[in-house]
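A.B. asks: Residue 12 is where the sequence shown starts when you use the working numbering, and the numbers rise one by one after that. We treat Cβ as the ideally placed atom computed from N, Cα and C, and that holds for glycine. Okay, handing you the structure first.
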Amino acid sequence: MAKRVGEKREEIFGKKAADLFTKAQTDEGLSKKLLSDPKGVLKEHGIDVPEGISDETMNMVVGAGLSLN
Numbered sequence: 012m013a014k015r016v017g018e019k020r021e022e023i024f025g026k027k028a029a030d031l032f033t034k035a036q037t038d039e040g041l042s043k044k045l046l047s048d049p050k051g052v053l054k055e056h057g058i059d060v061p062e063g064i065s066d067e068t069m070n071m072v073v074g075a076g077l078s079l080n
């Protein structure tokens, strides 16, 4: 059975981050803030960013095997 996008995000990033990314898809203000200050927004939402991780934007492509439902 294909995994839903939210389930795949949770598997990759953890539940808190997956929930944040999902919310940012529909909240334009959060989305802009996440792009301009990713570490700050993650910290505000209780997500620790390990040392050595840079503030770079990552684009995710939804590929085969994922369902939007």
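1. Return the Cβ separation of Glu39 and Ala29 in integer angstroms, given the expectation that the two are a contact with Cβ distance under 8 Å.
2. For the alpha helix (DSSP H) holding Val52, just list the boundary residues, first then last.
3. Mind reading off the beta-carbon distance from Lys27 to Ile58? Whole number of angstroms is fine, and I expect it under 8 Å.
4. Here's the rule: buried if 16 or more other CB atoms are within 10 angstroms of the residue's CB, otherwise exposed. What is Leu31?
5. Do you know offhand how far Val52's Cα is from Lys43's?
C.D. replies: Reading off the structure:
1. Incorrect: roughly 19 Å between the Cβ atoms, too far for contact.
2. Judged by DSSP secondary structure, Val52 falls within the alpha helix (DSSP H) whose first and last residues are Pro49 to Glu55.
3. Their Cβ separation, rounded to whole angstroms, is 5 Å, which keeps Lys27 and Ile58 in contact under 8 Å.
4. By the 16-neighbour rule on beta-carbons within 10 angstroms, Leu31 is buried.
5. Cα to Cα, the separation comes out at about 10 Å.
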